[in-house]
Amino acid sequence: MHWSRLIIAAAVAGATGAVIVSGAHWMLQSTHRAPSDLHQELHEEVPLTAQEKQRLAQREDGYIARRAAIEQRVKVANGRLARAIALQPGWTPEVEAASRDVESAAADLERATLRHVVEMREGLDPPHRAAYDAALVKALSDGAK
């Protein structure tokens, strides 16, 4: 009887960890696609000036650096979660804390991405902002399907 409980607990812990890690991975992937899709859409829909291209490139470089730092935090948090589950399968205080760290880092990545989207808009000349807004709404709407 003891072994069967241990096997069930391990299976539940593994499934819980897989769901959390998969959710974080999905969230990261969806946040990474949005700026790229929006970036591509912007270039297709808006005839950017040389100055706009330069401003957007600078903003993109800054975002890439911020994103890399946050992605590293997500990886560390996922590692902590994996270790917590491996040490004691089940929903323990350590697993809870580690899952909150994963959620926090993933949320920080989402906010950084949204800030980047706003920064990109600010880098456009006023006449191009309406087209950018339309591309943004389309990218977000397509992602919600």
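Numbering (our numbering), first residue to last: 148 to 292. Note that beta-carbon positions come from the ideal geometry of N, C-alpha and C, so glycine has one too.
Test item: CB-CB of residue i and residue j under 8 Å
i    : j    : result
R227 : G270 : no
E188 : K285 : yes
A231 : A245 : yes
A278 : E207 : no
L256 : R214 : yes
V249 : N225 : yes
Cβ-based burial, residue i [other Cβ within 10 Å; buried from 16]
i    : result
S251 : exposed
T196 : exposed
L283 : buried
V221 : buried
V223 : exposed
Element boundaries [alpha helix (DSSP H), containing residue i]
i    : result
Q235 : Q235 -> no alpha helix (DSSP H), and no H or E assigned at all.
V193 : Run containing V193: none; DSSP gives neither H nor E here.
L287 : 273 to 290
Spatial neighbours of residue i in its chain, beta-carbon cut-off 7 Å, leaving aside the 5 residues before and after
i    : result
R276 : R268
D272 : T196, E199
S288 : none
Own chain residues within Cβ distance below 8 Å of residue i, not counting five before or after
i    : result
D280 : R268
L234 : E241
Own chain partners of residue i with C-beta closer than 6 Å, once the 5 adjacent residues on each side are dropped
i    : result
P211 : It should be noted that the sequence gives Ile, not Pro, for residue 211. Cβ within range, chain order: n/a, list empty.
Query - Three-pair Cβ contact test at 8 Å for the region 255 to 272 versus the region 232 to 246 - result: By the Cβ test, the region 255 to 272 is not in contact with the region 232 to 246, since fewer than three Cβ pairs between them sit closer than 8 Å.
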